[in-house]
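Written below as structure tokens is the structure these notes are about.
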Amino acid sequence: MYVVGAYVVYLSISVALTVWVARTLVKNGRIFLVDSFLGNESLADSVNHLLAVGFYLINVGYIALALKYGEKPIDLAQAIEILSTKLGLVLLVLGGMHFFNIYVFSRMRRRALLRNQKPPVPPEQFLEPVQAWSH
Numbered sequence: 028m029y030v031v032g033a034y035v036v037y038l039s040i041s042v043a044l045t046v047w048v049a050r051t052l053v054k055n056g057r058i059f060l061v062d063s064f065l066g067n068e069s070l071a072d073s074v075n076h077l078l079a080v081g082f083y084l085i086n087v088g089y090i091a092l093a094l095k096y097g098e099k100p101i102d103l104a105q106a107i108e109i110l111s112t113k114l115g116l117v118l119l120v121l122g123g124m125h126f127f128n129i130y131v132f133s134r135m136r137r138r139a140l141l142r143n144q145k146p147p148v149p150p151e152q153f154l155e156p157v158q159a160w161s162h
């Protein structure tokens, strides 16, 4: 009895958390992506959508796989402990994916900014090297 209840609660909370995090990332990540793609809004929106799809696939896949693993609860206390462990792992996976995405797009943004920088100003004069003392 506790097994089915724990599964239902685990799936409900995990999928709800995944949807909430994905929507938050899509909404607030758009500005970051537009800046990363130097104002190209259609490209940023397209990448944002693709990231959301990948985010859902990976996280829901992990949630489904993690359902099988671990002990089966025999009482309410054990059901809560197992549930908290599984939900904690889901949250760690969500957080890890978030930081990985931020890292990747920060590097992309840095490269885009470097690529679009104006070349440095040419020097106005050159200095002759000083000759070392010879003995």
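Under our numbering, think of the first position of the sequence shown as 28, with each following residue one higher. Ideal placement from N, C-alpha and C gives every residue a C-beta, glycine not left out.
Exposure label - residue i; buried when at least 16 CB within 10 Å
i, result
"Tyr37", "buried"
"Leu65", "exposed"
"Ser39", "exposed"
"Thr51", "exposed"
"Ile101", "exposed"
"Ile129", "exposed"
Proximity to residue i [Cα-Cα], best of the options
i, options, result
"Asn86", "His76, Pro150, Glu98, Ala49", "Ala49"
"Arg57", "Leu70, Thr45, Leu119, Val80", "Leu70"
"Leu118", "Asn67, Ser133, Ala43, Tyr34", "Ala43"
"Ile90", "Gly115, Val157, Leu103", "Gly115"
"Arg94", "Ala104, Leu103, Ser111", "Looking at the sequence shown, residue 94 is not Arg but Leu. The shortest C-alpha separation from Leu94 is found at Ser111."
"Gly32", "Asn55, Asp72, Ala104, Gln144", "Ala104"
Beta-carbon spacing of residue i, residue j below 7 angstroms
i, j, result
"Leu60", "Val74", "yes"
"Tyr29", "Ala106", "yes"
"Ser63", "Arg136", "yes"
"Arg123", "Ile109", "The question names Arg, yet the displayed sequence has Gly at residue 123. Not in contact: Gly123 and Ile109 (Cβ atoms no closer than 7 angstroms)."
Neighbour flag for residue i against chain C, beta carbons, 7 angstroms
i, result
"Val148", "Absent from the structure is chain C; it holds one protein chain and no more."
Extent of the continuous alpha helix (DSSP H) run through residue i
i, result
"Val117", "103-142"
"Tyr96", "Counting along the chain, Tyr96 falls outside any alpha helix (DSSP H), and DSSP gives it neither H nor E."
"Gly32", "29-63"
Alpha-carbon spacing of residue i relative to residue j, whole angstroms
i, j, result
"Leu84", "Leu77", "11 angstroms"
"Phe82", "Glu151", "52 angstroms"
"Thr45", "Leu121", "7 angstroms"
"Ala159", "Pro147", "31 angstroms"
"Val131", "Leu141", "16 angstroms"
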